[in-house]
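**Student:** Heads up: take any position in the sequence shown, counting from 1, add 1, and you land on this note's numbering. Dropping the structure in here first, questions after.
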Amino acid sequence: RLVREFVAQNNTSQIKHVIQILSQEFALSQHPHSRKGGLIGLAACSIALGKDSGLYLKELIEPVLTCFNDADSRLRYYACEALYNIVKVARGSVLPHFNVLFDGLSKLAADPDPNVKSGSELLDRLLKDIVTESNQFDLVSFIPLLRERIYSNNQYARQFIISWILVLESVPDINLLDYLPEILDGLFQILGDNSKEIRKMCEVALGEFLKEIKKNPPSVKFAEMANILVIHCQASDDLIQLTAMCWMREFIQLAGRVMLPYSSGILTAVLPCLSYDDRKKNIKEVANVCNQSLMKLVIPEDDDVDEAKPPASVPAEPASEETLAKAEAAPGGESLLPRCARCHPLSLAALSFLCSSERIPVTLNLDGIVQVLDCHLHDASIGMMTRIAVLKWLYHLYIKTPRKMFRHTDSLFPILLRTLSDESDEVILKDLEVLAEIASSPAGQTEGPGPSEGPEARSSPAELHVPGRGSPLSSSGTKGMECSPSTPTMNSYFYKFMINLLRRFSSERKLLETRGAFIIRQLCLLLNAENIFHSMADILLREEDLKFASTMVHTLNTILLTSSELFQLRNQLKDLKTQESRNLFCCLYRSWCHNPVTTVSLCFLTQNYKHAYDLIQKFGDLEVTVDFLTEVDKLVQLIECPIFTYLRLQLLDVKSNPYLIKALYGLLMLLPQSSAFQLLSHRLQCVPNPELMQAAEGPKAGGGCRRPAAATIDYAELLQHFERVQSKHLEARHQRAGRGEQLERRGGP
């Protein structure tokens, strides 16, 4: 009644005096009953003031809020009731004091007393109604408080925070999306709460934000939230990780190339998820979409951007479009344009916005991406699908940005070679694709000496000792080393790759035994088979480990004679019609001399039957071992295969191919009485009597000389080379045997 009288008299000083007495002498008194009376009095003042209460809100609210911290739960309840009455009367006038009200309410939300909590909920609903119906809410000043409170660990406080976020999201005049980067991290933390109800509320809030983002991509600050998502995509909590990964998927698809600067972080988060099992199938599927979408953002124009130069725009675009793109960039240097949907049905405006965004230069942080990929390849614990994804990325980057990628090739090369020892065939296939691209890309062509020179070629105990490119081969008519360096289908890394691959086989014999043929066959599909065989033969010619050279030659010969991938190369060698094919034969022959039986099989393949006969004649001077006879046995089996159909048919023409028959009889004489002996013997019994065959007109030359083109090959010199190589092998075998005997004597009693 007193306050109403003062209001009627417009006596503001007396009104303030009454409020001051109620505050200082009662509400803030040391005596609990006085505090209760003061709170009731302040509420009565507010009711009496009515619409004028807005003029005294600071004086009315502050003492009540102080009582929110009272130790007596009944006093906290009275304070809550008093503030409810004050706010109910003042309505929209309390909004300038919203932050202090929210701060007080957030504390009461976690109050242990159920009555206080119930009262705070009533006050909370009233305040939400006021905010919802008002258009004067100061969001800017509220955000710092929200950002601070959102990190509370108390369940009730979290529930309170989420409920307010949902309310603010629902108000059309309040654009909370602008401030999402401020609270997104806190929201993801709340998503990991133990309470299912709170997790569900948080899911709903995040879902509403994502809907808004999809509706209005241009106004979203994608870049400011990218790293937040990267962190939570690596969370141990499945719900947080799945939700963050879904957001990441939408961000990549909506923002497009704006996300490229964050690629290394995204890959760090996404790649391990690709190897998840079915227990985390959803996360794995979303991560896969993220990975694929991010990969598509890398374009050939990224290779044109140099660190020392401004980013280049996509060529062949009208000047007007470039101007538009520049005009639509944000004043602070951050582009607003790329915030749009790439893979979602959007409005025409959004689509036109997309077209503009893709022309904005975004620098690709290739160094960071390569570092992440390299790190994952080195990690032995990562799953197969992750390794495959890493190799797909490397292949994609070599295709799209070869010039920049070749700056990293020297550092990547060792781990790519080590990956050839992987347990998975799929991983090896992808690895070979990357290595083949490195070896064939025009961007890998370098000036000056070949990569096989220098200390790098001699850095391992299991190295292949290969001299420089300029070293002479011999006086033969082969192309020599000039065939191994780069051709239009190869670059400077090709020869280096061949050297290191053979070095790998030399140091890891199990790899050669189990995967050697598989690796070489796949390379023959990916690269030029002739170049591969020519360069490997060239390198093996200088191999100092003769046993390895013999094993490797045997492997290459088996691939050459049996692989369907090498059908064309076999036909080329079979006819020796061109100078290139004759050069290849001579190059292969010189290395094939490391293994006598493979040398004969090469002569059979190339129809050099007289030379094959001459070689077999030399076998009498060689040391015939069990391994040697086993290889002869295998050659006999091979002669019965479809590959040598033409050879068997030539047995019908006895007069034209006398040396073929002599060579086969020579093999027969080498063999003991075994199944192979019986097989070859039966075959030779089928050779017709020349008297019964119709002779061709005029005399015919022997098998080795019936092709004029092949006459240019110096077979005498090749035979001498064979003898020299075999004498080295004999000496090496004796040395190994001698060392073995010494070791046995040392180990004896």
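For each residue, glycine too, the CB sits at the ideal point set by N, CA and C.
To the nearest whole angstrom, what separates the beta carbons of Phe143 and Phe99, a pair I think is in contact under 8 Å?
**Tutor:** Locating residue 143 in the sequence shown gives position 142, counting from the first residue. Locating residue 99 in the sequence shown gives position 98, counting from the first residue. Cβ-Cβ separation between Phe143 and Phe99: approximately 6 Å, consistent with a contact (criterion under 8 Å).
**Student:** Quick check: what's the CA-CA separation for Ile662 versus Ile389?
**Tutor:** Taking the sequence shown and counting its residues from 1, the one referred to as residue 662 is at position 661. Taking the sequence shown and counting its residues from 1, the one referred to as residue 389 is at position 388. Those two C-alpha atoms are separated by around 52 Å.
**Student:** If we call anything under 8 Å between Cβ atoms a contact, is Pro262 one with Met226?
**Tutor:** The residue labelled residue 262 in the question sits at position 261 within the sequence shown. The residue labelled residue 226 in the question sits at position 225 within the sequence shown. No, the Cβ-Cβ distance between Pro262 and Met226 is not below 8 Å.
**Student:** Please report how far the alpha carbon of Asp634 lies from the alpha carbon of Phe568, in whole angstroms.
**Tutor:** Your numbering for residue 634 matches position 633 in the sequence shown. Your numbering for residue 568 matches position 567 in the sequence shown. Roughly 24 Å between the two C-alpha positions.
**Student:** For the alpha helix (DSSP H) that Ser264 lies in, which residues bound it at each end?
**Tutor:** The residue labelled residue 264 in the question sits at position 263 within the sequence shown. Ser264 to Val271 is the span of the alpha helix (DSSP H), which, as asked, contains Ser264.
**Student:** May I ask which residues mark the beginning and end of the alpha helix (DSSP H) holding Arg5?
**Tutor:** Mapped onto the sequence shown, residue 5 falls at position 4. Where Arg5 is concerned, the enclosing alpha helix (DSSP H) stretches over Leu3 to Ala9.
**Student:** Look at Met406 and Ser441 and say whether their C-beta atoms are less than 8 Å apart.
**Tutor:** The residue given as residue 406 occupies position 405 in the sequence shown. The residue given as residue 441 occupies position 440 in the sequence shown. Not a contact, by the Cβ cut-off of 8 Å.
**Student:** Verify whether the separation of the beta carbon atoms of Leu417 and Val435 is less than 8 Å.
**Tutor:** As a first step, residue 417 must be located in the sequence shown, where it is residue number 416. As a first step, residue 435 must be located in the sequence shown, where it is residue number 434. A contact, by the Cβ cut-off of 8 Å.
**Student:** Since Lys215 and Glu251 are thought to touch, with beta carbons under 8 Å apart, how far apart are those beta carbons, to the nearest angstrom?
**Tutor:** In the sequence shown, residue 215 corresponds to position 214, counting from 1. In the sequence shown, residue 251 corresponds to position 250, counting from 1. That pair is a contact at about 7 Å.
**Student:** Okay, do the segment 576 to 588 and the segment 713 to 733 touch, 3+ Cβ pairs below 8 Å being the bar?
**Tutor:** yes
**Student:** To which residues of the same chain is Lys222 closer than 6 Å at the C-beta, ignoring the five residues directly before and after it?
**Tutor:** Here residue 222 refers to the residue found at position 221 when the sequence shown is read from its first residue. For Lys222, where only same-chain residues beyond five positions count, the Cβ hits under 6 Å are Pro182.
**Student:** Among Val271, Phe69, His595 and Pro643, which one has its Cα closest to the Cα of Lys285?
**Tutor:** For this step, residue 285 is matched to residue 284 along the sequence shown. Comparing Cα positions, the closest option is Val271.
**Student:** Determine whether the beta carbon atoms of His612 and Cys604 lie at a separation below 8 Å.
**Tutor:** As a working note, residue 612 is residue 611 in the sequence shown. As a working note, residue 604 is residue 603 in the sequence shown. Yes.
**Student:** Output the distance between the C-alpha atoms of Arg5 and Asp125, rounded to the nearest integer angstrom.
**Tutor:** Locating residue 5 in the sequence shown gives position 4, where the first residue counts as 1. Locating residue 125 in the sequence shown gives position 124, where the first residue counts as 1. So the alpha carbons of these two residues sit roughly 28 Å apart.
**Student:** Between Asp174 and the rest of its own chain, which residues show a CB-CB distance below 7 Å, the 5 nearest in sequence each way excluded?
**Tutor:** Taking the first residue of the sequence shown as 1, we reach residue 174 at position 173. Here the set comprises Asn136.
**Student:** Considering Cα atoms alone, identify which of Tyr277, Arg280, Asp278 and Val290 is closest to Ile267.
**Tutor:** Stepping through the sequence shown from its first residue, residue 267 is reached at position 266. Taking the Cα of Ile267 as reference, the smallest distance to any Cα among Tyr277, Arg280, Asp278 and Val290 is reached at Val290.
**Student:** Cβ of Leu167 versus every heavy atom of the ligand ADP: is any distance shorter than 7 Å?
**Tutor:** Here there are no bound small molecules, and the ligand ADP is not part of this structure.
**Student:** Which one of Arg159, Leu681 and Thr67 has the shortest CA to CA distance from Ile640?
**Tutor:** By one-based count along the sequence shown, residue 640 stands at place 639. Nearest option by C-alpha distance: Leu681.
**Student:** Roughly how many angstroms lie between the CA atoms of Gln242 and Ser54, to the nearest whole one?
**Tutor:** Reading the sequence shown from its first residue, position 241 is the one you call residue 242. Reading the sequence shown from its first residue, position 53 is the one you call residue 54. In a straight line, the C-alpha of Gln242 is about 49 Å away from that of Ser54.
**Student:** Taking the C-alpha atoms as reference points, what is the distance between Cys376 and Leu413?
**Tutor:** By one-based count along the sequence shown, residue 376 stands at place 375. By one-based count along the sequence shown, residue 413 stands at place 412. Cα atoms of Cys376 and Leu413: separation of roughly 10 Å, rounded to the nearest angstrom.
**Student:** For the segment 657 to 674 against the segment 610 to 628, do three or more pairs of beta-carbon atoms, one drawn from each stretch, fall closer than 8 Å, so that the two count as touching?
**Tutor:** yes
**Student:** Between the alpha carbons of Leu58 and Asp279, how many angstroms are there, rounded?
**Tutor:** By one-based count along the sequence shown, residue 58 stands at place 57. By one-based count along the sequence shown, residue 279 stands at place 278. Rounded to the nearest angstrom, the two C-alpha atoms are 59 Å apart.
**Student:** What is the DSSP secondary structure of Tyr85, counted as helix, strand or coil?
**Tutor:** For the purposes of this step, residue 85 is identified with residue 84 of the sequence shown, where counting begins at 1. Three-state DSSP puts Tyr85 in a helix.
**Student:** Which of the three DSSP states, helix, strand or coil, is assigned to Ala350?
**Tutor:** Within the sequence shown, numbered from 1, the residue matching residue 350 stands at position 349. Only weak support is given to the placement of Ala350: the predicted model assigns it a pLDDT of 32, under 50, and the question is left unresolved by the model.
**Student:** Note down, in chain order, each residue of its chain lying with its Cβ closer than 6 Å to the Cβ of Ala677, except the 5 sequence neighbours on either side.
**Tutor:** Position 676 of the sequence shown, counting from 1, holds the residue named residue 677. Hits under 6 Å: Asp634 and Val637.
**Student:** Buried or exposed for Pro691, please, with buried defined as at least 16 other CB atoms from any protein chain shown within 10 angstroms of its CB.
**Tutor:** As a first step, residue 691 must be located in the sequence shown, where it is residue number 690. So Pro691 counts as exposed.
**Student:** So, Leu140 versus Ser121, is the Cβ gap smaller than 8 Å?
**Tutor:** Here the question's residue 140 lines up with position 139 in the sequence shown. Here the question's residue 121 lines up with position 120 in the sequence shown. No.
**Student:** Can you tell me whether Ala83 is buried or exposed? The criterion is at least 16 other CB atoms within 10 Å of its CB, across all chains shown.
**Tutor:** Numbered from its first residue, the sequence shown carries residue 83 at position 82. Buried is the call here.
**Student:** Taking contact to mean 3 or more Cβ pairs, one atom from each stretch, closer than 8 Å, check whether the segment 198 to 205 and the segment 153 to 173 are in contact.
**Tutor:** yes
**Student:** DSSP three-state label for Gln765, please.
**Tutor:** Within the shown structure, residues of the chain are numbered from 2 to 750, placing residue 765 beyond reach of any answer.
**Student:** Quick test of your reading: Leu109 and Cys81, contact by CB under 8 Å. State the CB separation rounded to the nearest angstrom.
**Tutor:** The residue you call residue 109 lines up with position 108 of the sequence shown. The residue you call residue 81 lines up with position 80 of the sequence shown. By a beta-carbon distance limit of 8 Å, Leu109 contacts Cys81. Their separation comes to about 6 Å.
**Student:** Counting only beta-carbon separations shorter than 8 Å, does Asp423 have a partner in chain B?
**Tutor:** No chain B is part of this structure, which consists of one protein chain only.
**Student:** Between Gln235 and the rest of its own chain, which residues show a CB-CB distance below 6 Å, the 5 nearest in sequence each way excluded?
**Tutor:** Within the sequence shown, the letter at position 234 stands for residue 235. Correct list, in chain order: Ala270.
**Student:** Measuring CB to CB, does Ser47 end up less than 8 Å from Leu61?
**Tutor:** Here residue 47 is taken as the residue at index 46 of the sequence shown, counted from 1. Here residue 61 is taken as the residue at index 60 of the sequence shown, counted from 1. Contact: yes.
**Student:** Does the distance from the C-beta atom of Leu652 to that of Asn658 stay below 8 Å?
**Tutor:** Here residue 652 refers to the residue found at position 651 of the sequence shown. Here residue 658 refers to the residue found at position 657 of the sequence shown. Closer than 8 Å, so yes.
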